Amino acid sequence: MMCPAAKVSTLLGRPRDEKRDEAIQSAAIELMQEIGYERCTIEAIAAKAHASKATIYRRWKNKQELLVSAVTRHTFCTPPEVDQGNLRDDLIEMISEKIKNLKGPDGAVVSVLFTAAKNDPELGKLIPISIRESQDDTVMHIIERGIKRGEISKNANIELLLEILPGIFSYRIFMTHQSVNRKFIEQLVDGILIPSLQNQINIRENK
Numbered sequence: 001m002m003c004p005a006a007k008v009s010t011l012l013g014r015p016r017d018e019k020r021d022e023a024i025q026s027a028a029i030e031l032m033q034e035i036g037y038e039r040c041t042i043e044a045i046a047a048k049a050h051a052s053k054a055t056i057y058r059r060w061k062n063k064q065e066l067l068v069s070a071v072t073r074h075t076f077c078t079p080p081e082v083d084q085g086n087l088r089d090d091l092i093e094m095i096s097e098k099i100k101n102l103k104g105p106d107g108a109v110v111s112v113l114f115t116a117a118k119n120d121p122e123l124g125k126l127i128p129i130s131i132r133e134s135q136d137d138t139v140m141h142i143i144e145r146g147i148k149r150g151e152i153s154k155n156a157n158i159e160l161l162l163e164i165l166p167g168i169f170s171y172r173i174f175m176t177h178q179s180v181n182r183k184f185i186e187q188l189v190d191g192i193l194i195p196s197l198q199n200q201i202n203i204r205e206n207k
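In full-length UniProt numbering, the protein residues as written are 1 to 207.
What follows is the structure, encoded as structure tokens:
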């Protein structure tokens, strides 16, 4: 599942030919699945993608940017068409779709990146920025509809929601390796996400 190309490009690269970008990113993911992060060099990616190193470096500064861009594009993005008619169901559907992506074949690659980030500071900085950037549009569509329906205030602390979502799933899936099933998602939405928005509304509106 793909992000809008422009969104990922703005964050992590300078693409010129979108199809060429996709081919290089796909090659990078396949190679990391085959040989791991350390051995997945720009030279190896270029060879697999039948591209020159110069072509890659025109788009990405280094392998960290390329690999994070590739994983973000293929794994972390969810289509913005989620619309179940209410905020609760929209959030549950969106999160479920994201979890499905992470449980798919690309999820193993994400795990490799998270492990590598422990010893690679630059990679560690890029991952949260990229995850956050990839989800913001989708979450904002859902929140905006909730505001229009009167379910939450226009003063809701949306920033809080955008901050906590990536951390929760990164920790639970890749750090503690706990299950993220439908029951957990519903408890998260009902017990944390919606109350956090509503509590912030009350605090602001009662001032």
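Note that CB positions come from ideal geometry on N, CA and C, so glycine has one too. This structure is a prediction, so every number in the text was calculated from the model and none was measured.
Buried or exposed for residue 208, going by 16 or more other Cβ atoms inside 10 Å? As shown, the chain starts at 1 and ends at 207. That puts residue 208 outside it, with no answer to give.
Simplified DSSP state of arginine 20, which is helix, strand or coil: The count along the sequence shown starts at 1 and reaches residue 20 at position 20. Under the three-state reduction of DSSP output, arginine 20 falls in the helix class.
Could you tell me the distance, in whole angstroms, from the CA atom of threonine 115 to the CA atom of proline 121? For this step, residue 115 is matched to residue 115 along the sequence shown. For this step, residue 121 is matched to residue 121 along the sequence shown. The alpha-carbon atoms of threonine 115 and proline 121 are separated by roughly 12 Å.
Specify whether the stretch 87-103 and the stretch 54-66 touch according to this definition: at least 3 beta carbon pairs, one from each stretch, less than 8 Å apart. The stretch 87-103 vs the stretch 54-66: no contact.
Taking glutamate 97 as the reference, which of Phe169, Arg58, Arg20 and Ser52 has the closest Cα? One-based indexing of the sequence shown puts residue 97 at position 97. If we check each option's Cα against that of glutamate 97, Phe169 comes out closest.
Exposure of isoleucine 99, with buried meaning 16 or more beta-carbon neighbours within 10 Å: Within the sequence shown, residue 99 is the residue found at index 99, counting from 1. With 16 or more neighbouring CB atoms inside 10 Å of its own CB, isoleucine 99 falls in the buried class.
Report the residue from Lys19, Val68 and Gln187 whose alpha carbon sits nearest the alpha carbon of serine 130. Locating residue 130 in the sequence shown gives position 130, counting from the first residue. Measuring from the Cα of serine 130, the nearest candidate turns out to be Val68.
Histidine 141 (DSSP reduced to helix, strand or coil): In the sequence shown, the residue the question calls residue 141 occupies position 141. The answer is helix: DSSP assigns histidine 141 an H, G or I state.
Can you check whether the CB of alanine 70 is closer than 8 Å to the CB of glutamine 135? Start at 1 with the first residue of the sequence shown, and residue 135 comes out as number 135. Start at 1 with the first residue of the sequence shown, and residue 70 comes out as number 70. No, they are not a contact pair.
Selection from Ala28, Gly150 and Thr75 that minimises the alpha carbon distance to alanine 47: Position 47 of the sequence shown holds residue 47. It is Ala28 whose Cα lies nearest to the Cα of alanine 47.
Rounded to whole angstroms, what is the Cα-Cα separation between lysine 103 and arginine 73? Position 103 of the sequence shown, counting from 1, holds the residue named residue 103. Position 73 of the sequence shown, counting from 1, holds the residue named residue 73. A straight line joining the alpha-carbon of lysine 103 with that of arginine 73 spans about 16 Å.
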